[in-house]
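Structure first, then comments.
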Amino acid sequence: MVSRREERSGTPGAGGVPLSEEEYAQMIQQQQAAYAKPRAAKPAGAATTVARDEKQRQVTVKRAGGGKTWEDPSLLEWDPSHFRLFVGNLSPEVTDDMLETAFGRFGSMSKVKAVMDPKTGKNKGYGFVAFSDPEDYFRAFKEVNGKYIGNHPVQLKKANTEIKPTSVNKKKNKRHHPYKR
1 MVSRREERSG TPGAGGVPLS EEEYAQMIQQ QQAAYAKPRA AKPAGAATTV
51 ARDEKQRQVT VKRAGGGKTW EDPSLLEWDP SHFRLFVGNL SPEVTDDMLE
101 TAFGRFGSMS KVKAVMDPKT GKNKGYGFVA FSDPEDYFRA FKEVNGKYIG
151 NHPVQLKKAN TEIKPTSVNK KKNKRHHPYK R
């Protein structure tokens with residue numbers, strides 16, 4: 001069965017079509033490569049160092065909130081040029097498919113995500129929807145805000161997370177003593 005979103009985009013795995021682990025890893029790698037900055041050419045003698053550094057370097061998005069900082073590579077799945085809505089007050093039974101059904105009538109909808117709790121398997125009460133066209137973004141906000149998706153009326157807001165990919169060096173369990181240099 002082919003979903004409406006898959007018909008529009010032609011993307012495998014869209015709308016609930018399962019992907020193999022290899023296809024999913026390849027898709028994520030392509031998306032991360034699209035946002036990575038090109039590197040300047042290095043001298044020929046530095047090629048082995050670059051190869052070693054590339055294995056330890058990972059593209060991610062740094063986030064901060066509540067006095068903490070963490071890395072969130074899942075944000076690289078979202079196109080930063082698209083307009084995103086925060087969908088709040090979701091009832092626990094709402095899934096990605098239900099969000100896609102609710103927002104699918106807006107032609108430029110590109111991605112939906114109901115944030116799930118790994119322990120319970122139910123959503124955490126919120127999700128996100130992305131649109132490539134600003135007109136659909138505003139229409140969706142006006143038409144769906146306050147409407148029922150599942151058993152609760154949803155509350156829509158502009159998603160305000162900026163996606164700024166950065167490269168992070170992964171070091172293997174090196175502890176630095178505060179007094180040693």
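Residues 1 to 181, numbered by UniProt numbering, are exactly what the sequence shown covers, in order. Just so you know, even glycine gets a beta-carbon here, dropped at the ideal spot from N, CA and C. All values derive from a computational prediction rather than experimental measurement.
Can you name the residues that DSSP bridges to residue i?
{"i": "L85", "result": "V129 and K158"}
{"i": "S20", "result": "DSSP output for S20 lists no bridge partner at all."}
Can you tell me where the beta strand (DSSP E) with residue i in it begins and where it stops?
{"i": "R111", "result": "Note that residue 111 corresponds to Lys in the displayed sequence, not to Arg. Its beta strand (DSSP E) spans residues M109 to M116."}
{"i": "T69", "result": "K68 to E71"}
Nearest to residue i by alpha carbon, out of the options?
{"i": "L90", "options": "E22, S20, E23 and Q155", "result": "Q155"}
{"i": "residue 184", "options": "S81, K147 and P92", "result": "This structure cannot settle anything about residue 184, because the visible part of the chain is limited to 1 through 181."}
Hey, would you say residue i sits closer than 8 Å to residue j, going by beta carbons?
{"i": "F86", "j": "Y137", "result": "no"}
{"i": "V144", "j": "N123", "result": "no"}
{"i": "K147", "j": "F128", "result": "no"}
{"i": "F106", "j": "A140", "result": "yes"}
{"i": "S108", "j": "D133", "result": "yes"}
{"i": "T157", "j": "G88", "result": "What sits at residue 157 in the sequence shown is Lys, not Thr. Yes, the pair counts as a contact, with Cβ atoms nearer than the cut-off."}
{"i": "V61", "j": "E71", "result": "yes"}
Going by DSSP in three states, residue i sits in which element: helix, strand or coil?
{"i": "R105", "result": "coil"}
{"i": "P153", "result": "strand"}
{"i": "K142", "result": "helix"}
Residue i lies in the alpha helix (DSSP H); which residues open and close that run?
{"i": "V94", "result": "Counting along the chain, V94 falls outside any alpha helix (DSSP H), and DSSP gives it neither H nor E."}
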